[in-house]
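Below is one structure, written out as structure tokens; the observations come after it.
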Amino acid sequence: MRTKAENVDGYIAEFPPDVQEKLTEIRATIQISAPTAEETISYAIPTYKLNGNLVHFAGYANHIGFYPGAGAIKEFADDLAAYKTSKGTVQFPLGEKLPVKLITTIVKFRNKQNLEKKK
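Yeah, the sequence shown ends on 131 if you go by the working numbering, and it's all consecutive.
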């Protein structure tokens, strides 16, 4: 049973090593793609904020959940066709390599959206 982590390091540390590796990779990808976003825990999962919520991610038994919001899922629907998606979520299976380039593109898209919100 997971506890509520106080920070992203603590959140990642609660998972087995193979999942920690994937969570660390998605975290680094987000940090590189949105370097001015604030990293926090919200909804008990790692969250990045920049003029509001930017993206979230979470670890599960069989996948990494990535939450870029409904607009991003719709915008990148063709690119995400190989993955299970819902309104604002995509699931990246643990047994597959993370699509770092796609995650980068989505985070940069969300970053641009949130910066434009500020104007």
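Just so you know, even glycine gets a beta-carbon here, dropped at the ideal spot from N, CA and C.
The structure presented is a predicted model; accordingly, all values stated were derived computationally and were not measured.
- GLY71 is not a Cβ neighbour of VAL102, given a cutoff of 9 Å.
- For GLY71, the enclosing beta strand (DSSP E) stretches over residues 65 to 71.
- PRO58 and ASN19 have their C-alpha atoms roughly 8 Å apart.
- When the beta-carbon positions are compared, ILE85 and TYR60 stay at least 9 Å from each other.
- SER98 is bridged by DSSP to THR101.
- GLY100 sits close to TYR79, with the two beta carbons spaced by under 9 Å.
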